[in-house]
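Visitor: Listed in order, the protein sequences are those of chains A and E. In terms of my numbering, the first sequence opens at residue 1 and continues consecutively. In terms of my numbering, the second sequence opens at residue 907 and continues consecutively. Provided herewith is a single structure, encoded as C-alpha cells, for subsequent inquiry.
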Amino acid sequence: SFGLWGITLLMGLLSVFFVCLFFSSAFAVDRGNFKTCDQSAFCKRQRAFKPGQSPYRALLETLELSDSRLTLQLINDNNKVHLLLELYRLQGNMTRVKINELKPLKPRFEVPDVLIAEPPTDLSVLSKDDNGVVLSLGAESQRLIVSARPFRLDIMEGPEVLLSLNSRGLLAFEHLRLRKDTNKEEDGLWEETFKSHTDTKPNGPTSISLDFSLPGVEHVYGIPEHADDLKLKTTDGGDPYRLYNLDVFQYELYNPMALYGSIPLMLAHNTQRTMGIFWLNAAETWVDISSNTAGKTVFGKMLDFVQGSSEKPQTDVRWISESGIIDVFIMLGPKPSDVFSQYASLTGTQSFPPLASLGYHQCRWNYNDQEDVKSVDQGFDQHDIPYDFIWLDIEHADGKRYFTWDPHKFSQPKEMLQGLMDKKRKMVAIVDPHIKVDSGYKIHNEITSKDFYVKNKDGGNYEGWCWPGNSGYPDFTNPEMRAWWASMFAYDQYEGSMENLFTWNDMNEPSVFNGPEVTMHKDALHGKWEHRDIHNMYGLYVQMATAEGQIQRSGGAERPFVLTRAFFAGSQRFGAVWTGDNAAEWDHLKISIPMCLSLGLVGVSFCGADVGGFFKNPSTELLVRWYQTGAYQPFFRAHAHLDTTRREPWLFGPENTALIREAVRQRYALLPYWYQLFFQAYRTGMPVMRPLWVDYPKDTATFTIDDEFLIGSDLLVHPVTEEGSRGVTAYLPGAGEVWYDVHTFQKHNGAQNLYIPVTLSSIPVFQRGGSIIPRKDRVRRSSACMENDPYTLYVALSPKKFAEGKLYIDDGHSFNYDTKKEFIHRSLTFANNALTSSNLCPDCNFLTSSWIEKVLILGASKPSKVVLKMNGKETPVDFEFDSSMSVLTLRKPGMNAGDDWTLLLQ
Amino acid sequence: MTCLHLLLTLVFAVSLGTPVEIQRPRGVPLTKKQFYEESKPFTCLDGSRTIPFDRVNDDYCDCKDGSDEPGTAACPNGSFHCTNAGYRPMFIPSSRINDGICDCCDTTDEYNSGAKCENTCKELGRKEREVLQKMAEITKEGFLLKQQLIEEAKKGQQEKQSKVTDMQENKKQLDEKVEALRTVKETAEQPEKEAKERHLKAWEEQKAAIRLEKDKAKMAETFLELDDNADGFVSVSELQSHAELDPDADGTLTEIEAQGLMGGAEQVDTSTFESVWPKIKDKYHSEVSREEADISCLEPAPVETPPDEVKEPVVDNDSEPYPEDDISEEEDEDDEDEDDYHEDDDKVSAQPTIKTPEKTHEDEEAMPPYDADTQALIDAAQKARDDFEEAEKALREMDDQIRNIEKELSFDFGPDAEFTYLYSQCYELTTSEYIYRLCPFNRVSQKPKYGGSETNLGTWGSWSGPENNKYLLMKYEQGTGCWQGPNRSTTVKLTCGKETVVTSTSEPSRCEYLMEFTTPAVCQEPANIDPSPHDHVEL
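Written as C-alpha cells, this is what we have:
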C-alpha cells in the first residue's frame, strides 16, 4: 500500500544504493524503473512482426473431431514446427481456442486454478473441403470457419463476421528449442538485462502472439489494471497496454503502464453486440489496439456513412505474452449481461461479502497503538458517523512479522478487538506475503522446514527486500503451502485474533524492493515452473489462501473478508480489490471511476480507491468530494500514508464533519440495495458498479462516459470531481424514461444532458423511474446495529406507472444463505396501482424482524384510499401526498419484510 | 411486525430517600414533560405540525425535528434522555436506542433489543464521585498552589519591574558616568600623546645621530679596506676590485665606470671619499663580511618597526556574536570573567615597553624608557582609559540585564502570570525509545535514549487553546523539518495537577507531536461541590 520510498526509513543503513535509487523519484512515477515494450525483449521481438501473410497453415488431414473438441495441426512453413490447435464450443455461446506446440521439448505452462468450470458442449462439422472447415456453433446460425492456407479463424453469424483470429497474420509461437540450435544469438533470447538485473532465460524464447479483428467495433474495454479512461485507446505510436503485476510507486494517470493487477479480459461493444476475449495467460502480457476509425472526426465518419464508401469500422487487437500457451475464450454475448455470465461461468462470480464490509472502512498507515484505535473509535461515536471496520497497517506487527503484534503498541489485541466487538464493529490487520527471514519467527521457521519458499534460479530460497528487510516469499502456487498458510489463520495459531478480525493482503504482486521492476526475478522457481510463467497469478493465490484460512477458522461457517492489491482473472471469488497507492489529487479522484468501472466489467465488483488519496494531504474540499464519491463506490475505505497529517472525518471543522457524516449516512441507508446487488453479482456476474452502456447498450452517447456510473440498474451517480465546481452536467440515459433526483424527488426525462447546479453538499444521484429501492433510513453506528431495523421502500414510477425491485435479507455474515438457503429474496412490483411483494425463493427459510415502516411512491397521483392486503385481510393505511413533487408517502404499513402482501392504491 | 406503541415509563427516582413516581413518555427529560400531555394532541416541538398523541413514540417519525419519537429510533435526528439514577442523566442520539449496545447505565436505551444490559449507574456514580473527589482534591490543592504561583509571579514580576526601573535609573547614572569618564580619558590622553610624541621625536633624532656616526665609521673602515696599498688614496684600480659596484650590472666594473664613481678622479683621499661613499655604500661588500659578522648584511636596510604598531594576539570580536539566547542570570554571572577578556580586545594596547624577541640584538636601537614625567602622563591616561572601559562594560551589562528582564516580562504568562514559574525551566519524560524535553516558552526536543542527536520538535509559538481559554494549549512550531513533510511541531495540552510534569507524548500524525503536561497553573477555582454521596435527581 505504500510504494517504495518508505523503504528508506527501514533500510537506510542497509543499502545506500536503494536510498539513491528511491530518493531520486520525486512526486511521480519513476518511469525508468519500469520497462517499455522496447525494453522487454519478447515484446520488442513480437512487435517487430508486422501484419501480413501468416506463415501458418492448417493441416486439414490431421483434423480429429470428438463430441466437444476439434483438433488440428498447424505448421509454420518457415521453420516446419507443428502446433496443435484445439477448438471447443462451450455452453453459453463461447468458443475456446487453444494453440500449443504439438511436441514441445518440455511442457509449456497452462494456467491452473482460474477456471471454475470448462463446460464443453456439442460441436459439429457443417462442411469441409481443401480450403477449410466450417463448424456449427449451435444457435443463431453461428459458424466457425477454419481456413487452411494461410491459417485463420472467423466466427460468423449469418453473413456477418463477428471476429477473426490471425486475419492479420500475427500468430507467432516461439517454440522451445535448445540453445545450441539457435541460429543466431539475437539479443534477449537467452538472457536479458534491465537496469542492474539479469534475467537468465534457461528456456530461451517462449513468447506467443495472436491477433483478433473485430469488424464493426469501435469501443473496447477492460484489461485492467491501468490508470486510464474506461474506453481503451489505440496504442499505435505508443506502448501497448501492459499486464504485469507491479508495485508502481506514485503511479501516473492516463497511460498504459502496468499496475498492481492484471485481468486479461477485453470486452468489445457496439450497438448490436457485446463480445469478450479472455486470454488465459499469467505471464507478462502486452496488448496492442488499433482502429481504422481512430482519429477520424465525427464528420469524417458521417461522410463515410453518407457516401457509403467507407470501409466498415474495425478494431484490431493483438495479444503478446512471454510464455505459456495460447488459450483464448471468445464470448459472443450478445448482450452485455450475457458476456458477464459467460465470463462468470468460466472464472466464477464475485464472492458474496459480509454485509458489514459494504459499510465504511477507516484506515491509516498507521493507527499508532491500541489507545489510538480506541480514541478513533470513540471519535466516530462522538461525531455520530457510522463505520464498520478500522484497519491496521504494517506497523501493528512486531517488526513486520505478520501474524504477530507489536508488544508495546498492541500488547492486548484481544482486548482491543473485544472493545470493537462490543460496539458491533470489526478490524482488519494486514498480512503481507513477504516473510521476514528471522530464525526467531515461527512463520519463517515453519515455511523453511516445510520447504515452502519460492526458489531462486540456483535452487536456494529466493530472498528479497521488503518491509521487514530481508524476506522470503512463500510459494503460493503450491497447494500444500496454501493449505498450511490457511491453517495459520486458526484462532489458536494467529495469536490475538478473534472472529471480528479480517485480513488485508498488500504487496502481493509480489513487491520485491530490490528486484527487477520492484518484483520477483522471472527466473525464480515455483516448483518446476518459472516465476515468468505464473507472475500475474501470485497475488490471486495469496488472497485465495488467506480467504480459505478465514473460512476454515470458523469451520466453514463464516464468510471471509480479504482485501488484495494484486489480482488476476478469478480474484473476484476471494474478496475485494483496491486501486493501490493513489494520491490526494483531483485527477486521482476522477480516475477512481474508470478504474473501478473497468474492474467491474471483468468480474471484480468489489472495488474501491483510497478515499482522500494515499499520498499527500488532500484539501478539505477534495476530501469531502472524495467521501461523497467513495460513498457510492463498492469498497468504501479512507486510507492515508504514514507521512500525511491526520484526516479522520471530524478534523476539518463542524461543517465539513457534517458533510462527511451525510455522505457516509447515505451509504448506510442504501446498504440493503448494495447488499442485494452484491447478491446478484454473486449469482450472475453482473457488475455492481457499471458503465452506463451496460444498461443502455444501444445508446452510443453512453459508450465513452466515465465520469458518471450506475449502481445496479437503478441508481445513476455523477459525483462532483472538479475543484470549486458549481455544477455538473449529467447524462441521463433512456429515451422515454424518467429519473428522480434522490434528494429532491424531482423528475427528469431520460436521453438528455442535465445541468445540475451543485454546492459542497451536493452528490448528484438519480433513481431510475421503474425501480424500487429498499433503504434503511435509520442509520446507526455500524451496519450490524441496523440489522433489525425497518425498511423504507422508494418506489420510482416509470412513465407507464410501473416499477420493480428486489429485496434480499440474510444474517449478513454466514454461509447459511448458501448451505441452508437461509435468506429472504423478494420481488417487489408496482403495477396497476398495486405494490406487491412476492417470494422469489419459496423454499428459502429465514426470519427477520425487519418490517416496512414507510413506502414512498415517486411520480404517483393522489389516491383516495390505500389498503394493505395481507393474509386475506384488508387494512387501511394512512398516507400523505405531496402534490408539488407527486410523492405519495404511505405511513407505517408495518408488514414484516419477509411476508407476502399487496398495497392497493384506490 | 414490531409494534412499539405508546410506551410510558414509570421512573422511580430516589429523591432524598423518598421514592417518587413520575409518568412521562419514554426518552423525555423532565424539563420537557410539559409538552407531552397524553390527553392532548402533540405538537412537534418545532411547531411544524400537530399529531394525535398516540403517534408519540409509535416508532414512526412524524415530526421533522424528531420530537414525536423521543423513545424510539424512528427519527434520524431525535435524541433520547436517560435518567441514569445514581449517575449523570444524559441524551443519546435516537439511533442508539435498541441497537444492542448498552449506552445508558440505567439500561433504558435497550428495552427491546435483547441486549443484556446491567444497571451500572450506581457503580459509575460511585466511581465518578471518587474520581471527582480526587479531582476536586487535586483541583483544590492545585488551585492553592496556583495562588502561590500567582503570588510569587506577581512578586517576581514586581521585583523585576522595580529592578528594571532601578536599573534604568542606574543606567542613566552609568551613562553619565561613562560620558564623564570619556572626557577624563580624552583629557588625560592629550598630554600623554604629546609627551609620547616628544619622547619619540627625541629618540628618533638620537637614532639619526647614531646612524650618522656609524656611517662615518663604516666609510673610514671601507676606505682602509679599499686602500690596498695603504697609500692614503683609493685608486681606480683599487675600486675596480669590487665588481659588485658595477653601475650597469654587466658584471664588470670598468675603469671608466670606476672613474665615474670617483667623480672623474684617478684617486681620492679620505676627505674626497666622502663624496664617493654615498654612491657605493649600498652595493659595497665588505671584504671581511664573508667570514665574519653578518651584521653588515642586516645593516643596509634596517626596517623600522614603530613600537605602537606591535600587535598582541587579538580575538576578533565579531566572530563571537553577542549571546542573545535566553541565558539565565546565573549564567550571565559565570560569563563575566570571559567577558572581561573580550571587552579588552578591541582596545589596541598602548604599552610602549613591549619588546619583541627579534629586536633583542638591536638593543642599542630600542627606545629608551620614558622619562618620569612622560610615564606619569601615560599612567594617568591609562587609568582614565581603564576607568572608562570598566564603566562602559558595566553599562553594557546593565543593558543586557534590562533586555532580558524586559523580554521575560513581555511573555504572556497567563491572566495572573501563573505560568511565570515555568519560564527557564525544563521538564523531561523518558519513554521506551526517547527522552522528551519540554522547556516552556522556549522549545520542545526529543533525544534518542541510547545515543543520537537531539531533534527540535518546535520552538515556542503561541497559546492556542480554544477561544474561551487559550491557556489550555501551547503550540511549539518550526522544529526540525521532516523529509517530504512539514517542520516538526508540538502541541502541549495542559491539565490541572499538583505537580508540574510531562505525563505523556505521542505523535498522532507524522511530525506533529502531542504532549500532555500537568501544572497547578491551569487549576480552576473549585466549585463548591459537596462530595458527600447523594443521588442527583431532577425534579
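For each residue, glycine too, the CB sits at the ideal point set by N, CA and C. Since the structure is predicted, the reported quantities are computational estimates derived from the model, not experimental observations.
With a threshold of 8 Å between beta-carbons, can P1354(E) be considered close to chain A, or not?
Guide: Numbered from its first residue, the second sequence carries residue 1354(E) at position 448. Not an interface residue.
Visitor: For D1007(E), which residues in chain A fall below 8 Å Cβ to Cβ?
Guide: Taking the second sequence and counting its residues from 1, one reaches residue 1007(E) at position 101. Strictly speaking, residue 1007(E) in this sequence is Ile, with Asp absent from that position. Near I1007(E) (Cβ distances below 8 Å), the residues of chain A are D422, K423, K424, R781, C785.
Visitor: Would you say A1021(E) faces chain A, with C-beta separation under 8 Å as the test?
Guide: Residue mapping note: residue 1021(E) aligns to position 115 of the second sequence, counting from 1. Answer no: the Cβ-Cβ gap between A1021(E) and chain A never drops below 8 Å.
Visitor: Exposed or buried, what is Q342(A) when buried is set at 16 or more other beta-carbons lying within 10 Å of its beta-carbon?
Guide: To locate residue 342(A), count along the first sequence from 1; it is residue 342. It counts as buried.
Visitor: Using a Cβ-Cβ cut-off of 8 Å (strictly less than) and excluding sequence neighbours within five positions of R69(A), which residues of its own chain qualify?
Guide: Residue numbering aside, residue 69(A) sits at position 69 when the first sequence is read from its first letter. Excluding residues within five positions, the ones whose Cβ falls inside 8 Å are E86, L87, Y88, P120, L123.
Visitor: Could you please tell me which residues of the region 404-421 of chain A, in chain order, have their CB closer than 8 Å to any CB of chain E?
Guide: Result list: H408.
Visitor: Closest to L793(A) by CA distance: which of G472(A), L890(A), H825(A) is it?
Guide: Numbered from 1 along the first sequence, position 793 holds the residue referred to as residue 793(A). Closest by alpha carbon: L890(A).
Visitor: Rounded to whole angstroms, what's the CA-CA distance from F513(A) to K436(A)? Just pull it up for me.
Guide: Looking up residue 513(A) in the first sequence gives position 513. Looking up residue 436(A) in the first sequence gives position 436. If you take the alpha carbons of F513(A) and K436(A), they lie about 14 Å apart.
Visitor: Confirm, please, whether the CB-CB distance from I852(A) to Y791(A) is below 8 Å.
Guide: The residue given as residue 791(A) occupies position 791 in the first sequence. The residue given as residue 852(A) occupies position 852 in the first sequence. Contact flag set, yes.
Visitor: Using the rule of at least 16 other Cβ atoms within 10 Å of the residue's Cβ for burial, across every protein chain shown, is I772(A) buried or exposed?
Guide: Position 772 of the first sequence, counted from the start, is the residue given in the question as residue 772(A). I772(A) is buried by the Cβ-count criterion.
Visitor: Using a Cβ-Cβ cut-off of 8 Å, state whether Y1382(E) counts as contacting chain A.
Guide: If you number the second sequence from 1, residue 1382(E) lands on position 476. Not an interface residue.
Visitor: Applying a beta-carbon distance threshold of less than 8 Å, which residues of chain E neighbour R646(A)?
Guide: Within the first sequence, the letter at position 646 stands for residue 646(A). Ordered by position in chain E, the residues that pass the 8 Å Cβ test against R646(A) are P1414, S1415, E1418.
Visitor: Report the rounded CA-to-CA distance for Q1096(E) versus E1103(E), giving the unit in angstroms.
Guide: Taking the second sequence and counting its residues from 1, one reaches residue 1096(E) at position 190. Taking the second sequence and counting its residues from 1, one reaches residue 1103(E) at position 197. Looking at the two C-alpha atoms, the distance is approximately 11 Å.
Visitor: Taking Cβ to Cβ, would you say R520(A) is nearer than 8 Å to F568(A)?
Guide: Taking the first residue of the first sequence as 1, we reach residue 520(A) at position 520. Taking the first residue of the first sequence as 1, we reach residue 568(A) at position 568. In the sequence as presented, Arg is not what sits at residue 520(A); that position holds Met. Their beta carbons are not under 8 Å apart, which means M520(A) does not touch F568(A) by this criterion.
Visitor: Taking a contact to mean a Cβ-Cβ separation below 8 Å, would you say G612(A) touches F340(A) in this structure?
Guide: In the first sequence, residue 612(A) corresponds to position 612, counting from 1. In the first sequence, residue 340(A) corresponds to position 340, counting from 1. No, these two residues do not count as a Cβ contact at 8 Å.
Visitor: Helix, strand or coil, according to DSSP, for H269(A) in the structure here?
Guide: The count along the first sequence starts at 1 and reaches residue 269(A) at position 269. H269(A) falls in the strand class under three-state DSSP.
Visitor: Counting contacts by CB-CB distance shorter than 8 Å, is N470(A) in contact with chain E?
Guide: The sequence position of residue 470(A) within the first sequence is 470, counting from 1. Chain E contact via Cβ: absent.
Visitor: Sort L243(A), P205(A), F489(A) by Cα distance to Y288(A) and report the nearest one.
Guide: Here residue 288(A) is taken as the residue at index 288 of the first sequence, counted from 1. A small fix is needed here, since residue 288(A) is Asp in this sequence, not Tyr. Closest by alpha carbon: L243(A).
Visitor: Identify the continuous alpha helix (DSSP H) that holds T1093(E) and give its terminal residues.
Guide: Start at 1 with the first residue of the second sequence, and residue 1093(E) comes out as number 187. Here the alpha helix (DSSP H) through T1093(E) covers 1027-1132.
Visitor: Does any CB atom of chain E fall closer than 8 Å to the CB of E110(A)?
Guide: As a working note, residue 110(A) is residue 110 in the first sequence. For E110(A), the answer is no, since every Cβ of chain E falls outside 8 Å of its Cβ.
Visitor: List the endpoints of the continuous alpha helix (DSSP H) containing C596(A).
Guide: On the first sequence, residue 596(A) is found 596 positions in, with the first residue counted as 1. Segment 586-601, the alpha helix (DSSP H) holding C596(A).
Visitor: For S850(A), name the three-state secondary structure that DSSP assigns.
Guide: Locating residue 850(A) in the first sequence gives position 850, where the first residue counts as 1. Looking at S850(A) - three-state DSSP - the assignment turns out to be coil, as it is neither helix nor strand.
Visitor: Using C-beta distances below 7 Å, list every residue in its chain close to G1367(E), excluding the 5 sequence neighbours before and after it, in chain order.
Guide: Residue numbering aside, residue 1367(E) sits at position 461 when the second sequence is read from its first letter. Contacts found: K1381, Y1382, E1383.
Visitor: Where does Q1430(E) land, buried or exposed, given buried means 16+ other C-beta within 10 angstroms?
Guide: As a first step, residue 1430(E) must be located in the second sequence, where it is residue number 524. Exposed, because fewer than 16 other Cβ atoms sit within 10 Å of the Cβ of Q1430(E).
Visitor: Who are the neighbours of Y966(E) on chain A, taking C-beta pairs under 7 Å?
Guide: The count along the second sequence starts at 1 and reaches residue 966(E) at position 60. The answer, in chain order, is E853, R891, K892.
Visitor: Between S147(A) and the rest of its own chain, which residues show a CB-CB distance below 6 Å, the 5 nearest in sequence each way excluded?
Guide: Your numbering for residue 147(A) matches position 147 in the first sequence. Hits under 6 Å: G132.
Visitor: Output needed in chain order: residues of the region 951-964 of chain E with a Cβ under 8 Å from some Cβ in chain A.
Guide: Taking 8 Å as the Cβ-Cβ cut-off against chain A, the residues of the region 951-964 of chain E that qualify are D964.
Visitor: Around the Cβ of H408(A), are there at least 16 other Cβ atoms within 10 angstroms (buried) or fewer (exposed)?
Guide: The residue labelled residue 408(A) in the question sits at position 408 within the first sequence. Result: exposed.
Visitor: In the DSSP output, what is C466(A) paired with across the bridge?
Guide: Here the question's residue 466(A) lines up with position 466 in the first sequence. Paired residues: G469(A).
Visitor: 8 Å is my cut-off, CB to CB: does N839(A) come that close to chain E?
Guide: Within the first sequence, numbered from 1, the residue matching residue 839(A) stands at position 839. No, N839(A) lies away from the interface with chain E (no Cβ there is under 8 Å from its Cβ).
Visitor: Check whether the region 1128-1141 of chain E touches the region 1174-1192 of chain E, taking contact to mean three or more Cβ pairs, one atom from each stretch, closer than 8 Å.
Guide: As far as the Cβ criterion goes, the region 1128-1141 of chain E touches the region 1174-1192 of chain E, which means the pair count is three or higher.
Visitor: I534(A) and M488(A) look like a contact to me (Cβ under 8 Å); what is the Cβ gap, rounded to whole Å?
Guide: Translated into the one-based positions of the first sequence, residue 534(A) becomes position 534. Translated into the one-based positions of the first sequence, residue 488(A) becomes position 488. That pair is no contact at about 22 Å.
Visitor: For chain A, is any of its Cβ atoms less than 8 Å away from the one on A980(E)?
Guide: Residue numbering aside, residue 980(E) sits at position 74 when the second sequence is read from its first letter. By this cut-off, A980(E) is an interface position.
Visitor: Tell whether a beta-carbon distance below 8 Å holds between A356(A) and G812(A).
Guide: One-based indexing of the first sequence puts residue 356(A) at position 356. One-based indexing of the first sequence puts residue 812(A) at position 812. It is a contact, given that the beta carbons lie within the stated cut-off.
Visitor: State yes or no: is the C-beta of S908(A) within less than 8 Å of the C-beta of E662(A)?
Guide: The first residue shown for chain A is 1 and the last is 906, placing residue 908(A) beyond what the model contains.
Visitor: Under 8 Å, Cβ to Cβ, is there at least one residue of chain E near L659(A)?
Guide: Taking the first residue of the first sequence as position 1, residue 659(A) is located at position 659. So, not an interface residue.
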